[in-house]
Structure formats: C-alpha cells, structure tokens
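Structure first, then comments.
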Amino acid sequence: MPYTLTTPLYYVNDRPHLGSTYTTIACDALARYRRLTGEAVTFITGVDEHGQKIQRTAEAKQQSPQDHCDAISDTYRELWKRWGISLDRFVRTTDKRHLRLVEQFYGRVKDSGDVVSGRQTGWYCVGCEEFKDDPSDAVAPECSIHRKPLEWRDEENLFFRLSRYQTQIEDLVNREDFIQPTSRRQEVRNFVAQGLRDFSISRVNVSWGLPVPDHQGHTFYVWFDALLGYLTALLDDGGEPDLDRLEACGWPASIHVIGKDILRFHAVYWPAMLMSAGLPVPDQVFGHGFLTREGQKMGKSLGNVLNPETLLERCGTDAVRWYLLRDIQFGDDGDFQQQRFVDLVNNDLANTIGNLLNRTSSMARKWFAEAVPPHTAAAETDHPLALAAAATVTSVVESMAGLGFKSASEAILQLAISANGHLNDTAPWSRMKQPGQEVEVGDDLYAVLEATRIVGLLLAPLLPDLSDRILAQLGHALKEDDWLAQLSWGGLASGAHLPQPTPVMQRLELEGEL
RNA sequence: GUCAGAGUAGCUCAGCUGGUUAGAGCACAGGAUUCAUAACCCUGAGGUCGGGAGUUCAAGUCUCCCCUCUGACACCA
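To convert, note that position 98 of the first sequence is 98 in the working numbering; the numbers rise steadily by one, no gaps.
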C-alpha cells in the first residue's frame, strides 16, 4: 500500500522556526512508523517560495528573490538533514518542473470552466497576502496582524469558482475521518455552511510568481501555486511532471499534516481545486496545534523564540523529539517549558529507560559471562513481562496509526517502568548471593532484557537514534522490513554476547535559558 | 458582536452515557535498596473540580445565569 504524507511546504520568508520543526518531526515519526509496518511511504516536504512578501523581503536585503530563496531553502534542507528527518522528497516551488505542472493543472481547471476573471478591489495586506474586509472609505487602515498599513488595490484578477463545489465540499468536510483532530472539524463545517465564495488565483503587479500562461502580467497567487507543490513532489521520481502519472505515484495523499492556521486551505480550497482538475482528494488533513513558550506566544517582538538549531545543538534530537512527541497531545496546542523539558528527558529517557538498560546489562554480564542469560520456559510468552510487552505493542501500534504519539510514548515508558519494578521485586542482586538461584535469576534477567529490547524497538519511529543505541547495547539491530515480527517475545538469544554498557542517554544539564 | 471549545492538585492533563474516600505524570516530603546514569522501587502530603442557583436519593459529570481564556468568522508560511 502506498502511503503518502506531507508537511506543509514552508514559506521561505524567514529561517525555519520551531513550529515547522515540530510539524516535520511529527511527520518523520509517522513516516518511520508506516515504513516499519511495511508500507511504501513517500514522505514529502519542501518550501513555498513565491509571493510578494518574499519579493519584498529579498528587496529589503538587497538580494534577488531567487538568491534569497536559494539561501533560505538551503537552511531548511540542511536543518532537516541535521535532525535526521527521513524525507523522501524536498520540493521547491521555484523548480522548473513545478511550473510545468502548475500550467498543466491550470489548464485542466480552466477546461472545467472554473476560471473566471473578475475585478477585485479592497484593502490589501502584503504581509498576509490577502484582501481585508475593511470598508472602502476607511482612512489609512492597518493590518491587525502585521500592524502595517494596508494598500489599496483595484485589480483585474482570475478567480477560481469555488462556489460551484459547495455541496461536494460539504460532503467532504462532513466525513468522519477527513478532518483531524475532530475538534477542528466543526469550525470548518461552519465555515463551509456559510457559503463558499470564489477566490482569486492570480495577482497583477507581483513579478515574483509563476506567470499565468494566457494572461500577460498575471502571476499565480501563492496558495494556488504552493498547494500544487505536493503533486510536483510526488511526481519527482525521475519521470515527467505529468498529472496523468499521479495515481501511479501514490496520489491521493494519505495525510496532509499541517498547522491549524492553514486548515481551511487544505480542507476546503485544495480539495475543490483537485476536483476541478479531475483528481482524487487526500484521505485526511490533520491540523495540529501551536507551541507557546512558558505560556507565552513565541515571537520576534517578545524576543522569546526558540531556535531549532540551538535546541538541536544543546539538547540533541532525541531529547527534543521526546519532549514534543511525548508531552504534547498531537493536535492540541503545547507549551514548551524548559524545566519540564529537562525533567521529562532526564526522568524518562536517562533514568527510567537508560538506567534500566544499564543496570540489567550490567547484572547479566557480571553473572552470566557477559552474555544474555540462559532462560527456561518460565521466561517465555506467559511471563508477566511478556504479557505486558505484548499489550504494549498492541497499544503502541494502535496509537501510532492514529498519530497518538503521546499515548504511544506513555505506553512504552510504562513498559520500562514495569521492567524496573520487576527487577526491584525479584531483586536478582540479593538472590545471587544465595546458592542455587542462578536459573531463576537468569529467567528474570532474560525477561527484563527482552522487555528492554522491545522498548528499544518501539522507540524506533519516535526516537530513531536512541532506539539504535539501545538495541546496539543489547547486541541487537532493527530490521526495517521486519519490525512487527521483531516485536514478538523472545528475540534475544541466550548466550549472545552483551557489550560493555555505557549510558545511552545523558542527562540534560542546561545552564541558562535556551 | 456571532459561533465553538476550555476553565479539575504548584505545573501539564485524565475523568465514558451522573453513583463508593476525585486520578496520572512532573515537582515536593519520607522510607526502602545497592544491580545501575546520586539512578530504581514503595509511601505520603497537596484540590470549596472558575463562581452562583437549580434538577436528583446522588453532579466534576445534567439545566440556567455570570466571570475568565482560547479559536473560527474568506483568501496569514
């Protein structure tokens, strides 16, 4: 089964921020999970590079728009590489292939009779790239978001006839599974119920955009262009950027993961555009929440932005991924609190999971010739930890399939806690001081090592690096094409060598603010 | 303004169709232990469940009013 997932194509107005990193990490976890369950995944991300805002940002830096885009796009690409994001495609909307695809798509929409020209007048905010509802006789209106003066525009633009898709879009957004999380579905429904109006898809006097083929001086509105980037990316498999090939390449997308702010574009405009072009709509759109920091909105004006590069350098990918995926219900807004971040990483990863591995491996090595201890039937699949592990696997698989990263993480953690508890209950260190208990101790340690191995395997989609380190220390390795089978109890061979343990996860000891 | 959602321990949140002494994690305090990354394990303290009224044998859970916060309300990465 092809599984196609996308992040938004990030707008290259500025360097990457934590929000885009968050989305991308979540998608990475999902992509990894789907690959591990045997699906043919195409994980798409990229950048959206057109529009007047970029044009002006570049001007302000005395750069050409293309140079600006090249530079910012590179920082994105580089950042994802450093985070170990398992992306399959990185698309740029300034790619020549993209232009060809946009032209073809536009042709189809036009053939459907969904492109009409109309006059658009009103106050326009360049920051928002949109017309505002301020009355035409307003004096010097400002954009409430950007606090900048609005510009009066009187333009002949091309419009997409969204209004024709009223009932089809209603049916779509009423579907149970299309918009996730469900809490956001009603908002979109209400919006659609108010009646859909046509929206403009071209701009005049914006040179930094893709030219509309049959209209001199018009460029495509950034959103029309940007959404099509998903298709360009999917077709970027070495073949031609031809819409007819889409379905063979994995379209429709299984899921678009986006921030809640752009839900409407993805849940309403985008499907209508696809319908107009005779293409299937995506299976699902997931609008996740935003991150605040210590309870406050992050922003340049407050000077409290968390830089993803700083975070990566000072804390490492495992720590940040764990905090974002394990502590924030995916879909809800989340708050980044430094103290909590440190507490969770240290408690969960270093103390609970890391130390579990360390203490168990140490004991096994000390008393069983640096190897996985022998075991009897008592450490087979009806061992309490084996039962717990099986339940954990079921729960994690279920959670991950529904983007429940938090509950998946909690379930994994709970298995590690159970394993630690089992050690304390059976106290191998004191039983080894009594004669004739080696067999029982061997069984106990084997079971705990097995539980630890399963913890390590289950972490693979969430924290791939830590997962590797855990498994390596057990003399084990992830088999990417056999993960589900590896998750069954009994994967460790008694007698297999156990390497000298070293802490797999260092505690965070942050000095000062991030 | 209209609509939607939320206000539960210091913090982040669970609490399904109303039913025994309101739960978890973190933080905090005490205990136990030594295999281990001063880790792990156990116990404890901590809440007038935003405020008020009502329905009911019984309400965090239903109804009404009020307060506060968040989001949507057309083209904001």
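Where is the CB? At the ideal position from N, CA and C, for every residue including glycine.
Pick from the options that is closest to residue i, judged by C-alpha positions
| i | options | result |
| --- | --- | --- |
| residue 28 | 80, 58, 110 and 155 | 80 |
| residue 319 | 332, 83 and 71 | 83 |
| residue 100 | 427, 231 and 463 | 231 |
| residue 280 | 434, 272 and 287 | 272 |
| residue 489 | 303, 286, 387 and 332 | 387 |
| residue 325 | 77, 339 and 461 | 461 |
| residue 363 | 61, 474, 215 and 67 | 474 |
| residue 194 | 413, 170, 365 and 368 | 170 |
| residue 428 | 444, 306 and 509 | 444 |
| residue 218 | 157, 264 and 260 | 157 |
Residues that residue i bridges to, as DSSP identifies them
| i | result |
| --- | --- |
| residue 220 | 202 |
| residue 299 | None, per the DSSP bridge assignment. |
| residue 371 | 497 |
| residue 155 | 120 |
| residue 330 | 332 |
| residue 179 | 285 |
| residue 3 | 41 |
| residue 293 | 296 and 336 |
| residue 211 | 219 |
| residue 255 | 5 |
| residue 90 | 45 |
| residue 10 | 47 |
| residue 160 | 115 and 199 |
Presumed contact (8 Å Cβ cut-off) between residue i and residue j, rounded CB distance
| i | j | result |
| --- | --- | --- |
| residue 484 | residue 37 | 6 Å |
| residue 48 | residue 12 | 7 Å |
| residue 251 | residue 234 | 6 Å |
| residue 274 | residue 359 | About 55 Å; that fails the 8 Å criterion. |
| residue 492 | residue 450 | 6 Å |
| residue 278 | residue 108 | 6 Å |
| residue 198 | residue 160 | 6 Å |
| residue 196 | residue 166 | 5 Å |
| residue 480 | residue 35 | 7 Å |
| residue 283 | residue 255 | 6 Å |
| residue 432 | residue 439 | Not really, about 12 Å apart at Cβ, beyond 8 Å. |
| residue 457 | residue 486 | 6 Å |
Test item: CB-CB of residue i and residue j under 7 Å
| i | j | result |
| --- | --- | --- |
| residue 50 | residue 23 | no |
| residue 74 | residue 43 | no |
| residue 8 | residue 208 | no |
| residue 173 | residue 188 | yes |
| residue 330 | residue 288 | yes |
| residue 396 | residue 411 | yes |
| residue 253 | residue 4 | yes |
| residue 90 | residue 21 | no |
| residue 392 | residue 335 | no |
| residue 327 | residue 344 | yes |
| residue 321 | residue 463 | yes |
| residue 268 | residue 179 | no |
| residue 374 | residue 494 | yes |
| residue 505 | residue 311 | no |
| residue 276 | residue 163 | no |
| residue 503 | residue 354 | yes |
Burial state of residue i, where buried means 16 or more other Cβ atoms lie within 10 Å
| i | result |
| --- | --- |
| residue 205 | exposed |
| residue 114 | buried |
| residue 420 | buried |
| residue 150 | buried |
| residue 152 | exposed |
| residue 308 | buried |
| residue 435 | exposed |
| residue 119 | exposed |
| residue 469 | buried |
| residue 394 | exposed |
| residue 52 | buried |
| residue 303 | exposed |
| residue 184 | buried |
| residue 40 | exposed |
| residue 347 | exposed |
| residue 406 | buried |
| residue 244 | exposed |
| residue 467 | buried |
| residue 226 | buried |
| residue 400 | buried |
| residue 530 | Given a span of 1 to 514 for the chain in the structure shown, any question on residue 530 remains unanswerable. |
| residue 453 | buried |
| residue 430 | exposed |
| residue 117 | exposed |
| residue 248 | exposed |
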